[in-house]
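Trainee:
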Amino acid sequence: MTTSNMAQQLREAKHVVVFTGAGASAESGIPTFRDALTGLWERFDPAHLATPQAFRADPSLCWGWYEWRRLKVIQAQPNGAHLAIAELANRVPKLTVVTQNVDDLHERAGSRDVIHLHGSLHSPRCIDCGQAHTLPLPTDALPEDGRRIEPPRCSACNGYVRPGVVWFGEMLPEDAWSAGLAAAQKCDVFLSIGTSGIVYPAAELPLRALGHGATVVHINPVRFDISGQEHFLEGPASVMMQSLLRETFGDHPIS
Ligand code: APR
Numbered sequence: 084m085t086t087s088n089m090a091q092q093l094r095e096a097k098h099v100v101v102f103t104g105a106g107a108s109a110e111s112g113i114p115t116f117r118d119a120l121t122g123l124w125e126r127f128d129p130a131h132l133a134t135p136q137a138f139r140a141d142p143s144l145c146w147g148w149y150e151w152r153r154l155k156v157i158q159a160q161p162n163g164a165h166l167a168i169a170e171l172a173n174r175v176p177k178l179t180v181v182t183q184n185v186d187d188l189h190e191r192a193g194s195r196d197v198i199h200l201h202g203s204l205h206s207p208r209c210i211d212c213g214q215a216h217t218l219p220l221p222t223d224a225l226p227e228d229g230r231r232i233e234p235p236r237c238s239a240c241n242g243y244v245r246p247g248v249v250w251f252g253e254m255l256p257e258d259a260w261s262a263g264l265a266a267a268q269k270c271d272v273f274l275s276i277g278t279s280g281i282v283y284p285a286a287e288l289p290l291r292a293l294g295h296g297a298t299v300v301h302i303n304p305v306r307f308d309i310s311g312q313e314h315f316l317e318g319p320a321s322v323m324m325q326s327l328l329r330e331t332f333g334d335h336p337i338s
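Dropping the structure here:
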């Protein structure tokens with residue numbers, strides 16, 4: 084499918100779902116999960132950092148990694164894809180953003196009511212009693228040489244505070260999952276942007292949308308196999324989304 088065929092579908096759409104993965108934030112300088120273990124972190128396996136067992140085994144190492152990611156997000160800005168998605172919401176009758184990302188770049192670009200399937204770096208809670216940790220976390224740079232950071236303690240039970248993200252082996256938040264599923268099953272256009280599509284259950288959403296008759300389009304610079312009913316726009320998220328928006332609604336500045 085070309086962007087001009089896609090533009091026609093978007094002009095007629097009543098409900099668009101935008102489903103994003105790490106690739107949507109890549110152009111903001113946030114490494115995708117599978118590219119994240121660079122520099123200070125190159126010797127580590129994500130499976131050994133992103134599980135409850137990893138946190139219990141070495142809380143300071145795990146917390147240090149997520150603090151490094153959280154500070155990278157604070158220093159980053161939304162990119163052209165985030166901005167185009169927020170703008171698209173003003174142009175179609177209904178748009179739902181469902182993200183696997185744990186950053187807040189969609190919100191900072193202006194998207195509202197974003198469904199976070201995998202939680203957020205910005206909502207830490209106690210690993211033992213679950214109480215939200217509301218004291219502010221640092222916003223300045225981490226020490227150059229330090230990858231280990233002792234997590235804060237819960238004010239209610241003194242347990243360790245953990246990142247508010249969904250780890251491998253954990254359930255997705257029930258309300259986010261059911262809202263994401265409902266949107267996928269009701270939309271007429273489903274844009275899947277910057278996701279490798281290998282982490283379930285999130286990766287089920289494009290299939291559910293397809294099963295309910297939506298036009299499903301994958302946007303990714305790296306081509307992968309899709310069924311004959313799905314579509315692919317090959318290129319970086321910001322370039323493809325900006326040109327799709329221009330093609331659909333004419334020239335207008337996106338800022
Ligand atoms: N534009 C669009 N896509 C891009 C770009 C870009 N500029 N750069 C990279 N990509 C694509 C990659 O080709 C890859 O397909 O983004 C995808 C990123 O894949 P992953 O790192 O696997 O990220 P994601 O699909 O979000 O992972 C799903 O798994 O790691 C866990 O919980 C974590 O939410 C994450 C989930």
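Residue numbers (the numbering used here): 84 to 338.
C-beta atoms are modelled at their ideal positions from N, C-alpha and C, and glycine is treated no differently.
Note that the coordinates shown come from a computational prediction; the quantities given were computed from them, not determined experimentally.
Using CA coordinates, which residue listed in G213, L327, A105 and R230 is at the minimum distance from W148?
Mentor: Here the closest residue by C-alpha is R230.
Trainee: Keeping to the same chain, check which residues put their C-beta closer than 8 Å to that of V248; ignore five residues upstream and five downstream.
Mentor: Result list for V248: A133, Y149, V185, H201, G202, S203 and L204, in chain order.
Trainee: Name the DSSP bridge partner or partners of S275?
Mentor: S275 pairs with F102 and H301.
Trainee: For the candidate residues L327, P235, R236 and P219, whose alpha-carbon lies nearest to that of I276?
Mentor: The shortest Cα separation from I276 among L327, P235, R236 and P219 belongs to L327.
Trainee: Any idea what DSSP makes of P142, helix, strand or coil?
Mentor: DSSP places P142 in helix when its eight states are reduced to three.
Trainee: Taking only the alpha-carbon atoms, compute the straight-line gap between I210 and Q158 and give it to the nearest angstrom.
Mentor: Cα to Cα, the separation comes out at about 27 Å.
Trainee: Report whether the distance from the Cβ of A297 to the nearest heavy atom of the ligand APR is below 7 Å.
Mentor: No, the ligand APR has no heavy atom inside 7 Å of this Cβ.
Trainee: What is the C-beta distance between P98 and K155, in whole angstroms, given that I count them as a contact (C-beta under 8 Å)?
Mentor: The question names Pro, yet the displayed sequence has His at residue 98. Contact flag wrong, Cβ pair sits at about 33 Å.
Trainee: Apart from the five residues just before and just after C240, which ones in its own chain have a Cβ nearer than 7 Å to its Cβ?
Mentor: Around C240: C209, D211 and C212.
Trainee: E125 to W151, Cα distance in whole Å?
Mentor: One C-alpha to the other measures close to 13 Å.
Trainee: When burial is assigned at 16 or more other CB atoms within 10 Å of the CB, is A167 buried or exposed?
Mentor: With 16 or more Cβ atoms within 10 Å of its Cβ, A167 is classed as buried.
Trainee: What number of angstroms, rounded off, separates the C-alpha of V180 from the C-alpha of A320?
Mentor: Rounded to the nearest angstrom, the two C-alpha atoms are 15 Å apart.
Trainee: Measure how close the beta-carbons of A292 and F273 come, nearest whole angstrom, since I'm counting them as under 8 Å.
Mentor: Right, their Cβ atoms sit about 4 Å apart.
Trainee: When DSSP builds the beta bridges, which residues end up paired with H199?
Mentor: Answer is T182, bridged to H199.
Trainee: Thinking C-alpha only, which one of P207, T86 and Q160 is nearest D187?
Mentor: Measuring from the Cα of D187, the nearest candidate turns out to be Q160.
Trainee: Is N303 near the ligand APR, judged by its Cβ being under 7 Å from some heavy atom?
Mentor: Yes, the ligand APR has a heavy atom inside 7 Å of this Cβ.
Trainee: Straight-line CA distance for T103 to C270?
Mentor: Straight-line Cα distance between these residues: approximately 15 Å.
Trainee: In this structure, does DSSP put L204 in helix, strand or coil?
Mentor: Residue state, collapsed to three classes: strand.
Trainee: Identify, in the order they occur along the chain, each residue of the same chain with its Cβ nearer than 7 Å to the Cβ of Y243, setting aside the five sequence neighbours on each side.
Mentor: Around Y243: P142, I210, P234 and R236.
Trainee: Tell me whether E253 counts as near the ligand APR, meaning its Cβ is closer than 7 Å to at least one heavy atom of that ligand.
Mentor: No.
Trainee: Near N173, what residues of its chain come up, given a Cβ to Cβ distance below 8 Å and the 5 sequence neighbours on each side ignored?
Mentor: Excluding sequence neighbours, N173 sits near nothing in its chain.
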